[in-house]
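Okay, structure first, notes after.
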Amino acid sequence: MVYVAGIDIGSAFSKAVIMAENEIIAYEVMPSGGNYKLTAEQVIEEALTKAGLSLKDIAYTVATGYGAASASFSSETASDISCLARGVYYLFPAARTAIDIGGQFTRVLKLNNRGRATAFLLSEKCAAGSGRFLQVIARVLQIDLEDIGELSLKSKNRVSFNTGCAVFAESEAVSRIAEGAAKEDILAGLHRTLAAKIQTMVARLGIEPDCAVVGGGAKDIGLVKSIEEGLGCRLLLPEEPRIVAALGAALVAWEKVSKGG
Amino acid sequence: MTEEKKPEERKRRKTATEAASRVGPMVKAALAENLRAKEEGRPIAYSFIYSGYDEIIRAMDIVPAWTENYAGVCGVKRDAQRFLEKAESENFSRSLCTYALCGLGFDSWREETGEMPPNPPWGGQARPTVMLGSGQIICDPRYKWYQAAQHYMPDVPVYVAGLPYPPYEDDYDYRDVQGYYVKYIVEELRGLVAFLERHTNRKMDWDRLSEVIDISDRTWNMISEAYDLRKAVPCPMGTGDAMNTMVPMTFMMGTQEAYDFFKDLYDELQLKIANREGVIPDEKYRLLWGGGLPSWFALTDFNYFNSKGAVFPAEVTYRLVEPVYNLDLPRVSDPLEHLAWRWVKYWAYRHDKARKRPGSNPDVERLIEYIEDYKIDGVVMHEAFSCRSWHPGLIWQLNQLKRIYRDIPSLILESDIVDISSYNEADTRARIDAFIDTLEAVKSR
Amino acid sequence: MKSQYFAGVDIGSTMTKVVIMSEATLASVIGPTGPEHRKLANRVMEEALAKARLSFDEITYVVATGYGRINVPFADKQITEISCHARGVGHLLPDARTVIDIGGQDSKGIKLKAGRAVDFVMNDKCAAGTGRFLEVMAEGLGVSLEDMGRLSLEAKNRVEISNTCTVFAAQEVVARLSEGVALPDIIASLHEAIATRIYGMVRRLKIEREVALTGGGAKNIGLVKALEAKLGFPVLLPPEPLLTGAIGAALLGKDIVGEAVEKGETLVRSERRLTEASIFT
Amino acid sequence: MPEEAGSRGLAAADRYYEDYGSRVRELKKQGKQIIGYLCALTPVEIIAAAGLVPFRIKGDVNEPITKADTEMETIVCPLVRSWFDMSLKGKYEFLDGIVIPHACDSISTTYNVWKNTLNLPYSHLINMPHSTDGPSLKFYKALLNTFRTSLSKFTGKEISDQSLNQAISLYNQNRAKVRELYELRKASPPLISGAEVAKLLIASVSMPVEEATLLIDSVIKEVKQRGGVLAAKPARIMVVGAEVDDVTFIDLIEDSGAWVVADDLCPGAREFFDDADVTADPIEGIAERYLRKIKCGRTFREKKGDYDDYLEERFGHIGRFIKDFKVDGVVLYIYKYCDPYGFDVPAMKSYIESVGAPVLYLEDEYSMSTIGRLRTRIQAFLEVLGSK
Ligand SMILES: Nc1ncnc2c1ncn2[C@@H]1O[C@H](COP(=O)(O)OP(=O)(O)O)[C@@H](O)[C@H]1O
Ligand SMILES: Nc1ncnc2c1ncn2[C@@H]1O[C@H](COP(=O)(O)OP(=O)(O)O)[C@@H](O)[C@H]1O
Ligand code: SF4
Ligand code: SF4
Ligand code: SF4
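Chains as they are written, first to last, in my numbering: chain A, -6 to 254; chain B, 192 to 636; chain C, 34 to 314; chain D, 8 to 395.
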């Protein structure tokens, strides 16, 4: 059996996927923290442990993501777009559009019927348009990142923000809470803002069904619903959306190994 | 590909052609010539490239100071920020054309202190005798910039020559209106000559003007023929180099030197083709630079593309000529009238072609033409945030191209021409990497 | 005439400041602005009153300023930070012609003439050019805000911070730290980045000497030095930069009362205090 | 002229403003053809003379721009983006055509985008020159004749000189009414608020000119009748900028304790203060008005005399407004990415200050999210004025 690994050192989370040929056998997700090099080693170690393997069993490792270069043990690096495309295709062969909501950027890509990206768009580099905004707000509202999605669905009255800056939105959220606004309403407002930005990107690229949503932001069901509402269509959602790029990286590794012999 | 980030010690970009590598010194020499002219009291004209008056200035022996070029030089040297900041401190919005802001920052600084700003890139830009704007074409800064500069140099006269060209419309043909366009342009150019005679104590020598125009016509042809050679596989010269060779095309038109330059380029490219010598030995993707001015501080991105197996045989940007013999120009004796006809016909060059393809327009038609002629695999554009002339409409052009022609991989980079704070090398390269992957995906379809 | 007391209440985005003055400052309190502007303003006011040994009724006029100025129900008048900082600096540093105020939510430049604002510029759109930037960085780096300035003076080199966005820059500097870049170098580079942004904006006013620095940012010696390097000359600092706006507010209150007295007008005070309207007897 | 009951006075202006386009929607149902246009430099007289209803496309500060970005770059001025966004969102589905003047880069470089994404039966770019010299005027007249021919091709009817002259006088009447309206602003406190004027004028460019004139006239009567009901406020403000087609910003100033009593804006004084002369060739008078009389930053005026004369030539009208309307301070309100006005700011600011009025320069993005930010600046500016 040939084993390969994909690793995605994201700005927010690091993920590793171990595959036996083209079957996923283990994965791990952990916060990236400040030291990418260390995190890269840890995340692959954890995943390997789950798989009952060690690094020397791995035939080929491909790294991707913001801190890909820090995974010094990897055999090569690949761009996030191509990893995402491969990962999405593996999970949803019918997907022709994918939205990835990551910590720094939102990416929208178009896929062909062979799972390759044929076009893509990236968001602006302002935290107010990224998944990072969710983390910031979750922290000030003292809610677990995991819980914001469900909670926001309870909202009856969306609160809209006066500021376009993620940093100032933080203090604004705090004041709104003090004024008696419900946390779910603040979250719902936030979701709408983000969803609107994402919709515009999708529209600019042109949506083709099916459309998948991946990346950490996709774990936020409130955000996903808000995007669905805006786009007027259902989105395909993987069970663990955060590992899609790492999965794609592992697939790149597998291609290498299986082709290169 | 490692790039130093320190402005001082950036290494010189590698060019593919010998011709392109000669350009840096040419620009430097031109700037030095400006300073010399200033010392000798010869008239200097602030000028815009491609304003249809190159030949007039040359024939009258007026020294052009290409203000866009100087801003670009500051950009290349990564030393524009202080001038942009100065302009901002004068209350100019940072969203305006950064060529103009850089120039206005520089001028207001020079006028305020009475001397060149400290360590100006390549000796600096001398105070002009006159400023020659142009109306209606290309952009608003072409008349607003010099008007704004006058606020700091109230005694320097400005002339704005109207240089329109007919829009592409459904309900009439450009030939229905070309007559009054040409007439207007001729009058405006005549006004320019009179203005220059009034303010520079130079006289127009009309015979000389005809000679200069003859050189420039021949240069137009020579450029077109040289650039056509880039259709070869492997491609002998890319857009990175064309961002250098645009210099003799736009800053030296009407001079023998420009003609000779392109003749040399032509010969060099011929030779390269004979030797099957390409920009890169293993050419995987042929890309079209489909619009947008480049980020002058990041020309090495072209080399980065090359390192990924991609080459740019053609670009829309700065391809400001067509073979004159294809333009169907009427024979006229007035040199100004010839200029006007050439101008109008150049801009209307693809109107007829566009009409044959439903949903097309001349801009889209040009993209299609280049994609076919140069065997293009993908289109790259750059949206420079500060310039509203070349950049609005690119998204639509790309969308339309895909709607009426075919789905072709495309990438829109977003940054600026001069303002480096809008640029992030790591991000840009990540985008390029991803784009290369999409090219690969489409190619192996 | 029996002595009159004036209060200035400056509800900033980060800090709440209260000053009670008559001829001179009698009491001042600085506290963090919690989410509950209203209540806190009350409490800080009470604290200041206790310090000054005065009751609220003895205060002739209350002026509120700052980002949360509308949330001071007991104020007689709301005046923007710009006028208050100008007035405060005019009083504390009469030589100043230009004020640079670096607060939590915004930074501003103010041009002074005879101790009054005549022109101003401000940034409050993106946190990247405000004091908030440094707060976020301090938190990320695990350094107290108070130590940022001192630490930065130990810098030997500069590092490039490629992100402008506060949120991403915070993340970037943490990564830099883990790569082994020296903490002082990082902090100094951050100061330089923000000084560049602020200087670029304030220059619109045609900076004239002397320049006074106010607001929380002025408490950061590293930032002060970075700005001085941009300006090319030293700046003036008030004894407590954070209080400048509140002092200005109190003084403007005093001006208003003084003018009214001069004109023989009855001062209309805020509704809450209507019952004590006849304050001039 | 349809003279429906109740469609007059301030309340009607308000309604037409709030439900912008409601009048042309009705007309459309009655079989009229509606021609949308951008910016005050469109020679509406010619459209009206062709028997079509000119309708000014308007943005909406409250509506976040979402659809426009799919076809138009975000480096276009936010006003144009908002116009386009509203159009894409179907706000102006009643249009039969669109006319775009070569006003500024944001407008002219997006002509293709407008033309090809809206896909209306009629579209036309008036390639207006930027200079005011003789040849430019001649050229502009030729362009207007091309436009005239093109419109008649569209309607299938000649546009006679007589109908042009009639349209010119209808518009001149309308403009005279606006000037009469402005007289009401000279009182202190003004008889009509800046917000009321803004809504009325914005509403007025959304309906046939005769109806607009009646509407303005009815407002003048109503205001005269109600007398001096507006409270005294400490400052009289003039707003100078490109286009303000949303009342939010004017409201903001007036809520902060000032009256807006004058402007150099579109719709506003820039657009309505100069008439088109009735000339033998009607196109002549129209050309003169749009090219030479309307003082917009997009039109280049040659310098004659010394630099101070030049500033007077370009901005003298602002100085006269300051004097005639007893203006205390000027708000220079410029959109980001606006080239014609952006480059004018230093000269304009220094001119206005030289006539003794303090200036607040604001760069804005035409979005509700910036309103809060502007508030503090405006309040501080009013305080600065107050302490003078
Ligand atoms: N459990 C969760 N619930 C909601 N949102 C989440 C969750 N986990 C991560 N996110 C969001 O996803 C983002 C990170 O996504 P990720 O794809 O890991 O980005 P990156 O690859 O840049 O690290 C975070 O900024 C956060 O907003
Ligand atoms: N002791 C301190 N040392 C350094 N910086 C400080 C200190 N106290 C406050 N600051 C800075 O001042 C800012 C707050 O300033 P302040 O003028 O109170 O603003 P605001 O009025 O908006 O609350 C903070 O964002 C922080 O950057
Ligand atoms: S074309 Fe663009 S870059 Fe050139 S001067 Fe005009 S606005 Fe500036
Ligand atoms: S506005 Fe806020 S979130 Fe956006 S770049 Fe600035 S600091 Fe970052
Ligand atoms: S605001 Fe400026 S850029 Fe926008 S349409 Fe008007 S003149 Fe053009």
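We put the CB at the ideal spot given by N, CA and C, even for glycine.
Could you tell me if residue i is buried or exposed, where buried requires 16 or more neighbouring beta carbons within 10 angstroms of its beta carbon?
{"i": "Cys226 of chain A", "result": "exposed"}
{"i": "Ala12 of chain D", "result": "Confidence is the limiting factor: at Ala12 of chain D the pLDDT is only 43, short of 50, which leaves the residue's position unreliable, though a coordinate-based value still follows. So Ala12 of chain D ends up on the exposed side."}
{"i": "Glu309 of chain C", "result": "Confidence at Glu309 of chain C is low in this model, with a pLDDT of 29, below 50, so its placement is unreliable and the value that follows should be read with caution. Flag for Glu309 of chain C reads exposed."}
{"i": "Trp532 of chain B", "result": "buried"}
{"i": "Tyr53 of chain A", "result": "buried"}
{"i": "Tyr516 of chain B", "result": "exposed"}
{"i": "Asn134 of chain D", "result": "buried"}
{"i": "Gly266 of chain B", "result": "buried"}
{"i": "Glu360 of chain D", "result": "exposed"}
{"i": "Val391 of chain D", "result": "buried"}
{"i": "Gly97 of chain D", "result": "exposed"}
{"i": "Trp397 of chain B", "result": "exposed"}
{"i": "Lys176 of chain A", "result": "buried"}
{"i": "Ala238 of chain A", "result": "buried"}
{"i": "Asp253 of chain D", "result": "buried"}
{"i": "Gly431 of chain B", "result": "buried"}
Determine the closest residue to residue i out of the options, with distance taken between C-alpha atoms.
{"i": "Glu563 of chain B", "options": "B:Val351, B:Pro504, B:Asp398 and B:Asp331", "result": "B:Pro504"}
{"i": "Lys252 of chain C", "options": "C:Gly136, C:Gly291 and C:Cys159", "result": "C:Gly136"}
{"i": "Gly483 of chain B", "options": "B:Tyr290, B:Pro583, B:Ser612 and B:Leu518", "result": "B:Pro583"}
{"i": "Arg237 of chain C", "options": "C:Ser116, C:Met155, C:Ala119 and C:Val96", "result": "C:Met155"}
{"i": "Tyr561 of chain B", "options": "B:Asp331, B:Ile235, B:Thr508 and B:Asp451", "result": "B:Thr508"}
{"i": "Gln35 of chain A", "options": "A:Glu21, A:Ala175 and A:Leu230", "result": "A:Glu21"}
{"i": "Ile603 of chain B", "options": "B:Leu585, B:Ser613, B:Tyr596 and B:Glu616", "result": "B:Leu585"}
{"i": "Lys8 of chain A", "options": "A:Val167, A:Glu14, A:Ala33 and A:Leu48", "result": "A:Ala33"}
{"i": "Asp140 of chain A", "options": "A:Asp213, A:Leu115 and A:Gly124", "result": "A:Asp213"}
{"i": "Leu142 of chain B", "options": "B:Trp487, B:Thr304, B:Ala256 and B:Phe496", "result": "Look at the range of chain B in this structure, 192 to 636, and you will see that residue 142 of chain B is not part of it."}
{"i": "Met413 of chain B", "options": "B:Gly569, B:Met440 and B:Pro553", "result": "B:Met440"}
In terms of DSSP beta bridges, what is residue i paired with?
{"i": "Tyr5 of chain D", "result": "As displayed, chain D neither begins before 8 nor continues past 395, which places residue 5 of chain D out of reach and without an answer."}
{"i": "Arg63 of chain D", "result": "D:Tyr44"}
{"i": "Tyr237 of chain B", "result": "B:Ala256 and B:Met322"}
{"i": "Asp93 of chain A", "result": "A:Arg100 and A:Val207"}
{"i": "Ala242 of chain D", "result": "D:Ala265"}
{"i": "Gly41 of chain C", "result": "C:Val52 and C:Val96"}
{"i": "Val132 of chain C", "result": "C:Ile143 and C:Ala245"}
{"i": "Tyr476 of chain B", "result": "B:Ala501"}
{"i": "Leu275 of chain C", "result": "DSSP, once it has assigned bridges, lists no residue as partnering Leu275 of chain C."}
Output yes if chain F places a C-beta closer than 8 Å to the C-beta of residue i; else output no.
{"i": "Met234 of chain C", "result": "Absence of chain F from the displayed structure is noted, the protein chains being A, B, C and D."}
I believe residue i touches residue j by the beta-carbon criterion, under 8 Å. Please report the beta-carbon distance rounded to the nearest angstrom.
{"i": "Val555 of chain B", "j": "Leu592 of chain B", "result": "5 Å"}
{"i": "Ser30 of chain A", "j": "Ser63 of chain A", "result": "In the sequence as presented, Ser is not what sits at residue 30 of chain A; that position holds Lys. Indeed they touch by this definition, with Cβ atoms about 5 Å apart."}
{"i": "Ser401 of chain B", "j": "Leu354 of chain B", "result": "Not really, about 20 Å apart at Cβ, beyond 8 Å."}
{"i": "Asp134 of chain C", "j": "Ala279 of chain C", "result": "That belief does not hold up - the Cβ atoms of Asp134 of chain C and Ala279 of chain C are roughly 13 Å apart, past 8 Å."}
Inset, instruction - Let me know the beta strand (DSSP E) ranges lying completely inside the region -5 to 57 of chain A, each 3 residues or longer, listed in chain order. - result: -4 to 2, 6 to 13, 16 to 24 and 51 to 57
Inset, instruction - Report the residue ranges of all alpha helix (DSSP H) runs contained in full by the region 220 to 267 of chain C; include only those spanning at least 4 residues, in chain order. - result: 254 to 264
Legend entry - Runs of alpha helix (DSSP H) wholly within the region 514 to 555 of chain B (minimum 4 residues, chain order): 526 to 538 and 542 to 546
Legend entry - Segments assigned alpha helix (DSSP H), at least 4 residues, entirely inside the region 313 to 395 of chain D: 314 to 331, 346 to 349, 352 to 361 and 378 to 393
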